[in-house]
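Position one of the sequence shown corresponds to residue 1 (UniProt numbering), numbered consecutively onward.
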Amino acid sequence: MKNSGRKDIGERIRLIRIKKGMTQEEIGKLIGRSAAVISSYETGKRCPPTKQVDDLSKALGVSVDYLLGREVEGKKVSYDIGNVLEAETLLYDGRVLTPRQKEFLKQQLEFIFDQIQQASSQ
């Protein structure tokens, strides 16, 4: 994850924690980590692993999607699939796609959308 992504999730963790009146130590105890680890997440020095994101979301009372920036105040964020495919790193089911896999996926999506266009124009 790029540093900006780490900072984004860290900022959300910090804002929610403060809004709930909790300390880094309190959050750390809830998820089995030290206050120093929580601080490193909040400052973007470290990115919480997947399990920690899940634990943090439960401890903070928000969705994983919100912590990851895919949800804003209960609403899902929409993404242009074409732009998503251009991302430097693209994951599917937790696995990083190779450039060849990304290109194949793009071709398959283009084919599917062409088929949808043809079906809707009939």
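All C-beta atoms in this analysis are idealised placements derived from N, C-alpha and C, irrespective of residue type, glycine included. For clarity, every value in this text was computed on a predicted model and none was experimentally measured.
Under 8 Å between C-beta atoms of residue i and residue j
i	j	result
LEU85	LEU56	no
LEU60	ILE9	no
Residue i burial status per 10 Å Cβ neighbour count (16 or more: buried)
i	result
ILE116	exposed
GLN24	buried
GLU103	exposed
ARG17	buried
ARG12	buried
LEU15	exposed
PRO99	exposed
Span of the alpha helix (DSSP H) around residue i
i	result
PRO99	99-120
GLY82	81-85
THR50	50-60
LEU67	64-67
LEU30	24-31
Where residue i falls: helix, strand or coil (DSSP)
i	result
ARG12	helix
ARG95	strand
SER39	helix
ARG70	coil
LYS7	helix
ARG46	coil
LYS20	coil
Neighbourhood of residue i by C-beta, 6 Å cutoff - its chain only, sequence neighbours within 5 removed
i	result
LEU97	LEU90
Close beta carbons around residue i, own chain, < 8 Å, minus the five adjacent residues each side
i	result
VAL53	ILE9, VAL64, LEU67 and LEU68
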